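I have placed the structure first, in the form of structure tokens, so that the comments after it can refer back to it.
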Amino acid sequence: TQLGTIANETIQEVKNNPKDYAARLKNDPKAFFEEEKSKFTVLDNKTEDSIEEGKFDDEGGAAPNNNLRVVTEEDLKKNKNALSDKK
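Under this note's numbering, the letters of the sequence shown match residues 8 to 94, in that order.
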């Protein structure tokens, strides 16, 4: 949705003043593309941050009730499913 919003803003900008838009592109294409690219890279960074935050939340985050328990050496020795060390 944010991508669509940016695209619609650009379309409106071109419709409202096509000569100015073309002049900016013609006069300094590199700066023009950097400016346009920055609109989308800011969007990408926000999306990436929210994805990482979502992964952190899925993994329990910093919640104190994340259902972890401490396993002792005694528990490990009693574990029937554990692989034994071969010597």
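A virtual CB, placed ideally from N, CA and C, is assigned to each residue, including glycine. Note that the coordinates shown come from a computational prediction; the quantities given were computed from them, not determined experimentally.
TODO: Check each candidate in 23, 22, 17 and name the one with the smallest Cα separation from residue 42.
DONE: For the residues 23, 22, 17, the minimum Cα distance to residue 42 belongs to 17.
Task: Alpha-carbon spacing of residue 23 relative to residue 32, whole angstroms - done: Cα-Cα distance, rounded: 16 Å.
- [ ] Determine the closest residue to residue 44 out of 84, 87, 80, 10, with distance taken between C-alpha atoms.
- [x] With distances taken between Cα atoms, residue 44 lies closest to 10.
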